[in-house]
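K.L.:
Before I ask anything, here is the structure I am working with.
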Amino acid sequence: MQLRNVTRYYPEHMPFGENIQYFIDENGLDFYNSIDTFKLKYKLCIHPDTKV
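Pasting the structure below:
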């Protein structure tokens, strides 16, 4: 499972509170809702411009 072109967004319902950053990919998949579908042990997010 990969999330591509992830951007920060503000969902209507914030299940983890307002002080959490929420991310969504180009297909509308929420990062936190997708965690269980990742096959690798580690999760990594890289900003496409800064590579950080």
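Take -2 as the starting number for the sequence shown in the working numbering and just add one per residue. Each residue gets a CB set at the ideal place from its N, CA and C atoms; glycine is no exception. Just so it is clear, the structure is predicted and the values come from calculations on it, not from any experiment.
What did DSSP end up calling D33 once you bin it into helix, strand or coil?
P.N.:
In the sequence shown, residue 33 corresponds to position 36, counting from 1. In the structure shown, D33 sits in a helix (DSSP, three-state: H, G or I).
K.L.:
When the distance is taken between beta carbons, is R1 closer than 8 Å to D27?
P.N.:
Numbered from its first residue, the sequence shown carries residue 27 at position 30. Numbered from its first residue, the sequence shown carries residue 1 at position 4. No; because the gap between Cβ atoms is not below 8 Å, this pair is not in contact.
K.L.:
Whose C-beta lies closer than 6 Å to the C-beta of Y19 among residues of the same chain, with five residues either side of it excluded?
P.N.:
Your numbering for residue 19 matches position 22 in the sequence shown. Cβ within range, chain order: Y6 and P8.
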